[in-house]
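First the structure, in the form of structure tokens, and then the observations on it.
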Amino acid sequence: ALSLDTPSPARKPASSSGVRWVDGPLRSTQRGLAEPFEIKVYEIDDVERLQRRRGGGSKEVTGFNAKLKILEHRQQRIAEVRAKYEWLMKELEVTKQYLMLDPNKWLSEFDLEQVLELDSLEYLEALECVTERLESRVNFCKAHLMMITCFDIPSRRR
Numbered sequence: 001a002l003s004l005d006t007p008s009p010a011r012k013p014a015s016s017s018g019v020r021w022v023d024g025p026l027r028s029t030q031r032g033l034a035e036p037f038e039i040k041v042y043e044i045d046d047v048e049r050l051q052r053r054r055g056g057g058s059k060e061v062t063g064f065n066a067k068l069k070i071l072e073h074r075q076q077r078i079a080e081v082r083a084k085y086e087w088l089m090k091e092l093e094v095t096k097q098y099l100m101l102d103p104n105k106w107l108s109e110f111d112l113e114q115v116l117e118l119d120s121l122e123y124l125e126a127l128e129c130v131t132e133r134l135e136s137r138v139n140f141c142k143a144h145l146m147m148i149t150c151f152d153i154p155s156r157r158r
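For the sequence shown, the UniProt record's numbering gives the first residue as 1, with consecutive numbering after it.
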């Protein structure tokens, strides 16, 4: 239990030379830090009211944050579609080998033109369109390969 006679734990013992507060200034150069200061406590409603009062600047920040989120989402989507595109190109290459087709066949059809900015919405749309056509072509080639291998039964007569 605390009593008024109990010495404060924040004080140094009185036996030391010059009684000082433990959290007080240690050198004369730090005395500016010991000046009193006011701590303000805001309620959530007060903060919301202050933000509404500022209004114009807050809308600009919100607009910037929204644009930044859209750009980040677009970059993530581009990375996902690009990974799928590259995987499908490898699949097409392997399937063409199995079908004994020219390795350069259809390459120009699925080549992405580099005239678009890599972060633009137009690039994302073009990439999605090309990837969709590429996926369709790979699926067609795989189905064709299945048909060929299903009916290509070698005779095992000796």
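We treat Cβ as the ideally placed atom computed from N, Cα and C, and that holds for glycine. All values derive from a computational prediction rather than experimental measurement.
Which of the three DSSP states is assigned to residue i in this structure?
| i | result |
| --- | --- |
| E86 | helix |
| E72 | helix |
| L50 | helix |
| Q97 | helix |
| N65 | helix |
| E38 | coil |
| L118 | coil |
| L107 | coil |
| L92 | helix |
| E80 | helix |
Please report the residue range of the alpha helix (DSSP H) in which residue i lies.
| i | result |
| --- | --- |
| K142 | L121 to F151 |
Leaving out the 5 sequence neighbours to the left and right, which residues in its chain are closer than 8 angstroms to residue i when beta-carbon positions are compared?
| i | result |
| --- | --- |
| E113 | A126 |
| Q97 | P103 |
| E35 | none |
Could you tell me the alpha carbon to alpha carbon distance between residue i and residue j, rounded to whole angstroms?
| i | j | result |
| --- | --- | --- |
| V70 | Y123 | Reading off the sequence, residue 70 comes out as Ile, not Val. Distance between the alpha carbons of I70 and Y123: 15 angstroms. |
| R49 | E135 | 53 angstroms |
| A79 | M147 | 34 angstroms |
| T143 | T95 | The sequence given here has Ala at residue 143, not Thr. So the alpha carbons of these two residues sit roughly 10 angstroms apart. |
| C141 | V115 | 30 angstroms |
| L92 | R137 | 8 angstroms |
| K84 | T62 | 33 angstroms |
| P25 | A66 | Residue placement at P25 cannot be trusted, given a pLDDT of 49 that sits under 50; the coordinates are not used to answer. |
| L145 | S108 | 22 angstroms |
| K105 | N139 | 16 angstroms |
For residue i, collect the residues of the same chain with a Cβ closer than 7 angstroms to its Cβ; drop the 5 residues on either side in sequence, then sort them by chain order.
| i | result |
| --- | --- |
| D111 | none |
| I39 | none |
Near residue i, what residues of its chain come up, given a Cβ to Cβ distance below 6 angstroms and the 5 sequence neighbours on each side ignored?
| i | result |
| --- | --- |
| V81 | L127, E128 and T131 |
Query - the segment 74 to 94 in contact with the segment 128 to 136 per 3-pair CB rule at 8 angstroms - result: yes
Report task. Please determine if the segment 118 to 127 and the segment 71 to 78 are in contact, where contact requires at least 3 C-beta pairs separated by less than 8 angstroms. Result -> The answer is yes - the segment 71 to 78 touches the segment 118 to 127, with three or more Cβ pairs under 8 angstroms.
Query raised in the report: Are the segment 144 to 153 and the segment 100 to 111 touching, with three or more C-beta to C-beta distances below 8 angstroms?
Result: Contact fails: fewer than three Cβ-Cβ distances are below 8 angstroms.
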